[in-house]
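In what follows, a single structure is set out as structure tokens and then discussed.
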Amino acid sequence: MRKLRFQYHMQLNFESPAREHHFTLRCMPVQDERQSIVKEQIAIYPKHYSSTQVDSFGNRCMYGTTKEEHTCFAVDVKGEVVVDDTRFIEAPSHKVGLYRYQTRLTEPGPYLNTFHECMSVMLEQMNSPLKKAQLMMEFLYYSYRYTPGVTGVDTTAEEACRLQAGVCQDYAHMMLSLCRKEKIPCRYVAGMMLGEGATHAWIEVYADGRWIPLDPTHNRAVDDTYIKISAGRDAQDCTINQGVFMGGGKQQQEINVIVEEI
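Taking my numbering, I'd label the letters of the sequence shown as residues 1070 to 1331.
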């Protein structure tokens, strides 16, 4: 068990003034069996009208509107959480069916199918979904290069596999694709990590009636140095900032994260 202090800052800069800005934000840590929120403070700029709800995936969302003209839209979330990595999120099997199926971002093609085939003999000898997932995670870790800048938010798992490179989102999507080929329910997780200056992504696999988090980027089980923000079928279900507005022109988004142990 570990107590962590976090600061999350997201800023969207507009080329020209925007107005009538309607937004949805997913940047607040979840409260679940593994994670308890001790303190939390949220600030959004400029002035806004907002409400907080939970979406269909169990993520905390803030919906709001900023009507005045602005060239910068920003949100700051800071607080403290207690993470207990000895506990797991339990779920009945009839509630995880949604996470068995591929999405547009995880659908395998020739490259992922070939990669999966390389492990097929070993996977056939395993009865445990968790052991299968751990084997695939290890293969991913040693087969691909962590390389910022070669992929984007819309890069698919198949494309990242072809490039043999990517970032945490790509590692997560490739592992989701492989797990779903093995009929293992799994979901994408967005969050923060001790020692990182940005958001991070990992996955949760469903085994023995519970969700077990694994980090394919680092080839390890997720421990109490991670703070979970949201989960879904893929990265699109965990989009930090979604919105529509009038004007604005080109946009540039900046995200800064600080996580430290208390």
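Glycine included, every Cβ here is placed at the ideal spot set by N, Cα and C.
Going by beta carbons, His-1078 and Gly-1312 fall outside the 7 Å limit.
Rounded to whole angstroms, the gap between the alpha carbons of Gly-1301 and Tyr-1257 is 5 Å. By the 16-neighbour rule on beta-carbons within 10 angstroms, Met-1070 is exposed. Just so you know, the alpha carbons of Thr-1183 and Leu-1247 end up roughly 11 Å apart.
In this structure, DSSP gives Tyr-1295 an extended state, which the three-state scheme calls strand. Secondary-structure assignment with DSSP links His-1139 through a beta bridge to Ala-1087.
In this structure Pro-1177 is in contact with Glu-1227, their Cβ atoms being roughly 6 Å apart against a cut-off of 8 Å.
The Cβ atoms of Ala-1229 and Met-1243 sit closer than 7 Å to each other. For His-1185, the enclosing alpha helix (DSSP H) covers residues 1179-1193. By the 16-neighbour rule on beta-carbons within 10 angstroms, Glu-1273 is buried.
Just measuring C-alpha positions, the residue of Lys-1164, Thr-1121, Tyr-1215 sitting nearest Leu-1094 is Thr-1121. Look at the beta carbons and you see the stretch 1285-1304 touching the stretch 1146-1154: at least three pairs across the two are nearer than 8 Å.
Within the same chain, and ignoring the five residues on either side of Leu-1263 in sequence, the residues whose Cβ sits closer than 6 Å to its Cβ are Thr-1294, Val-1328. For the 7 Å CB-CB criterion, Val-1150 and Ile-1296 form a contact. When DSSP states are grouped into helix, strand and coil, Asp-1145 belongs to the strand group.
Between Lys-1108 and Phe-1142, the alpha-carbon positions lie close to 24 Å from each other. In the DSSP assignment, Ala-1226 falls within the unbroken alpha helix (DSSP H) covering 1226-1232.
Check the Cα spacing between Thr-1308 and each of Leu-1167, Val-1190, Ala-1259: the tightest is with Ala-1259. In this structure, Phe-1314 sits away from Glu-1137, with a CB-CB distance that is not shorter than 7 Å.
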